[in-house]
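First the structure, in the form of structure tokens, and then the observations on it.
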Amino acid sequence: MAQALMTETPVRADAGRFGGTPSIELRDVSKFFGQVPAVSGISLEVRQGEFLTLLGPSGCGKTTTLRMIGGFELPSAGEIVIEGEAMGDRPPYRRPVNTVFQNYALFPHMTVGQNVSYGLEMTGVPKPERQRRVAEALDMVRLPHVENRKPAELSGGQQQRVALARALVNRPAVLLLDEPLGALDLKLRKTMQLELKQLNREVGATFVYVTHDQEEALTMSDRIAVMNEGRILQLGTPGDIYERPRTRFVADFIGQTNFLEVEVIGSDGAAVEVDLPGSGPLRARPPEGVPAQGTMTLAVRPEKISLMADLPGSEIPGWDRLSGRLEEIIYVGTYTQYVLRLPGGQELAVHRQNRAVGEGEHPMGETLTVVFNPQSAALLAD
Amino acid sequence: MSSALPVSVDGRPRPARRGLLGRSGAGDRALALVSLLVFLFLYLPLVVVVVYSFSAAEIAVWPIEGWTLDWYRELSRDKEIHEALQLSVIIGVVSASIAVVLGTLAALAIDRYEFPGKAALRFAVVLPITLPGIVTGVAMLSFFSVLTWPMSRWTLIIGHTTFCIALVLNTVVARLGQLPRNISEASADLGAPPWRTFWRVTFPLIRPAILAGAVLAFTLSFDEVIVSFFLQGREPTLPLLIWGRLRIGLSPEINATATVIVLVSLAAVLVSNRLSKQATLGG
Ligand SMILES: Nc1ncnc2c1ncn2[C@@H]1O[C@H](COP(=O)(O)OP(=O)(O)OP(=O)(O)O)[C@@H](O)[C@H]1O
Ligand SMILES: [Mg+2]
């Protein structure tokens, strides 16, 4: 199942940025710790200069995958190719890869300058050039004037930047980042997300980024690999992953989704007709990679659904339409979540933008009619 | 600050700190008195030794009738004591040095690798400091006898090294455990082969712990009596010499010797403390 879903999305708007040999190739890579499978047969091509994110719940094998690319763990099976060279059992210090560790792993006994210069020293870069490049790298992460301080004398965000500079100064072909923003507060996280993305464009290195924060993945990545239980479930652009999830897990893990069990009635090519017990026929986008038949799951995101009452004109032709009793109102700030109980007993969450204060409030228990575009309703096999 | 009450992280006010025994001043005073008695009990004998080392009288009399430095002068001319001191220093330095190398290597292995019997190894290494000295002494004596090795300064060094290793191992393992995770990996990631990682990252960070362990090991070796008693050759170590002379009677010169030893040990312990504090602060 997961194997069949791993075909790549062929084109994208800025595909011209990438090209040539892939930066990293994982070929059917597995990793067992004793009997425990941490990664089960992952195949993946990361393009030159791409910002690729491994996204998935805790324990799904993201760190293990990254550590295998870095050389800290060796695959139990399969092959890892970096910049066209098979890595085999090559140790970390001989791979064209640098890592930004989650806890930064700065050397506490060295100054910031010595930390950043360390990699250059190891590769025998002469001192004058080292000094110049260290200053350059610290500049790049917007951290001048701290060269002579010890890591312990910096804030979390500053240490994070030092870790970044220490990796980038070596001009690696590939930069691996394992939840590097995990320890930062929300505001700083947002800033650093933008800066990382910008750095990726500026330095042209391939970034492989690990996170379990879906929002972070969506905002930063060129492509996202959604992982679960040691496998890649779906690989695609943020738009692909969010708008066209192929499995229930992906739809559920990223954003919020209503799942409704439906029976397939027929198909007219552009849309599939399904029956939602208690509510009647609906139209949905045809599924990808699986035939539309039997019992399937209809997935529709709450923000794709509108209240009929809010639409200026009357009915929109061809849109799906459902009615239900308003059972729950949750105010979330930018929107309000309504939960409707459908006639067939199912729940349906609807997000309504809070445009004007006090505009069109609905009392509990009211029966509301909602509509959505069938193209926003995905049919999933599971 | 809007509120005078100290507030904990979750926002609830924290009760103000009080004396250990509650709010009563009487409780605090009782605690102070008990502490004082304990300290007297521990240190009064030491003070007595130091004081009598300056007493002019040949025997311990109270009150002290006159002050003198004679005993120190006598000490400075006592060849036998000098030789014993020299032997003790040699044994302490050699044992501590061997222990530094072996103990550090063992600590690195224990910290870095998972292997079968790791817990057993750790236990086996630490055992000599928990085992009564008399057991270690007898065991080693019979072991060397089986090998028909005569007792000498070499057997002393081997005996002392066994417990010195344990001291170094313990301090270094503790320090390795405190090192930030991943920093050896970060070093490898930046292109350093294992030996460079060791010299540039691991070693500088555990150096204070190694030194602290070494000083502690030397101090313990220096005043070890029981194991040394079984393993000594013809020449006595300083503690054994003192012990031997005590059988004849307490002499003021012994007090002077003891005073010197106390001072040296005190200095060593202070240095060791300083170093391990540096180690925990991350230097
Ligand atoms: N050294 C190890 N020994 C044994 N099992 C391990 C080891 N490292 C990882 N695992 C197991 O492998 C699986 C994947 O772990 P991994 O660290 O790759 O997850 P992750 O996706 O990075 O999770 P998180 O988001 O919590 O960091 C987990 O079940 C974990 O328990
Ligand atoms: Mg992880």
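First to last, the sequence lines map onto chains C and R.
Be aware that the first sequence starts at 2, since it is given in our numbering, and climbs by one per residue.
Be aware that the second sequence starts at 48, since it is given in our numbering, and climbs by one per residue.
Ideal placement from N, C-alpha and C gives every residue a C-beta, glycine not left out.
Note that the structure is a prediction, hence the values are computed from the model and not measured.
- One alpha carbon belongs to P181 (chain C), the other to A357 (chain C), and they sit about 39 Å apart.
- Its Cα nearest to that of I330 (chain C), the residue C:E362 stands out among C:E362, C:D311 and C:P288.
- A straight-line Cα-Cα distance of about 18 Å links A106 (chain C) and M193 (chain C).
- The CB of Y119 (chain C) comes closer than 7 Å to the CB of L237 in chain R, given here in chain order.
- Shortest Cα-Cα distance from T284 (chain R) to any of R:A221, R:L267, R:R254 and R:A233 involves R:L267.
- Around A136 (chain C), no beta-carbon contact reaches into chain R at under 8 Å, the shortest distance being about 18 Å.
- For R322 (chain C), the uninterrupted beta strand (DSSP E) segment begins and ends at D321 to Y332.
- Interface annotation for the region 194-211 of chain C against chain R: empty, criterion Cβ-Cβ distance under 8 Å.
- Close partners of I230 (chain R) in chain C (Cβ separation under 7 Å): A106 and F108.
- In this structure, the beta-carbon distance from F260 (chain C) to R245 (chain C) does not fall below 9 Å.
- Between the alpha carbons of G71 (chain C) and A186 (chain R) lies a gap of roughly 51 Å.
- Closest in C-alpha terms to I25 (chain C), from the list C:F34, C:S44, C:A218 and C:E122, comes C:S44.
- Under the Cβ distance rule, V274 (chain R) does not count among the residues neighbouring chain C, no pair being separated by less than 9 Å.
- For A206 (chain C), the closest C-alpha among the options C:V291, C:G114, C:L165 and C:L312 is that of C:L165.
- Considering only beta carbons, the part of the region 237-252 of chain R lying closer than 9 Å to chain C consists of L237, G238, A239, P240, P241, R243, T244, R247, V248, P251 and L252, in chain order.
- At a cut-off of 9 Å between C-beta atoms, A168 (chain C) counts as an interface residue with respect to chain R.
- Taking 9 Å as the Cβ-Cβ cut-off, the region 300-321 of chain R has no residue approaching chain C.
- In terms of Cα proximity to L27 (chain C), the closest of C:G85, C:F73, C:P58 and C:F34 is C:G85.
- Separation of the CB atoms of R167 (chain C) and G120 (chain C) is rounded to 7 Å, and the pair is thereby assigned contact status at 8 Å.
- Counting C-beta pairs closer than 8 Å gives fewer than three between the region 195-208 of chain R and the region 56-69 of chain C, which falls short of the contact rule.
- Beta-bridge partners assigned by DSSP to R286 (chain C): C:A379.
- Looking at the DSSP output, L177 (chain C) shares a beta bridge with C:T100 and C:V209.
- Within chain R, the residues whose beta carbon sits less than 9 Å from that of T124 (chain C) are L237 and G238, listed in sequence order.
- For C61 (chain C), the shortest separation between its Cβ and any heavy atom of ligand 1 lies below 8 Å.
- Note that the C-beta distance between G57 (chain C) and M297 (chain C) is not below 9 Å.
- In this structure V209 (chain C) does not touch L234 (chain C) by the C-beta definition: roughly 17 Å separates them, more than the 8 Å allowed.
- Residues are counted here when their Cβ sits less than 7 Å from a Cβ of chain C; for the region 204-231 of chain R these are P227, R228, N229 and I230, given in chain order.
- Annotation: the continuous alpha helix (DSSP H) that includes D75 (chain R) extends over G72 to Y99.
- Between the C-alpha atoms of E127 (chain R) and E122 (chain C) there is a straight-line separation of about 55 Å.
- Three or more pairs of CB atoms, one per stretch, sit closer than 8 Å, so the region 342-350 of chain C contacts the region 262-281 of chain C.
- Closer than 8 Å to some heavy atom of ligand 2: that describes the Cβ of T64 (chain C).
- Of all residues in the region 228-252 of chain C, none places a beta-carbon less than 9 Å from a beta-carbon of chain R.
- Close to chain R, meaning a Cβ-Cβ distance shorter than 7 Å, are the following residues of the region 64-88 of chain C: G71 and F73.
- Judged by the Cβ position, M228 (chain C) qualifies as a neighbour of ligand 1 at the 8 Å threshold, a heavy atom of the ligand being closer than this.
- Relative to ligand 1, the nearest heavy atom lies less than 8 Å away from the CB of A39 (chain C).
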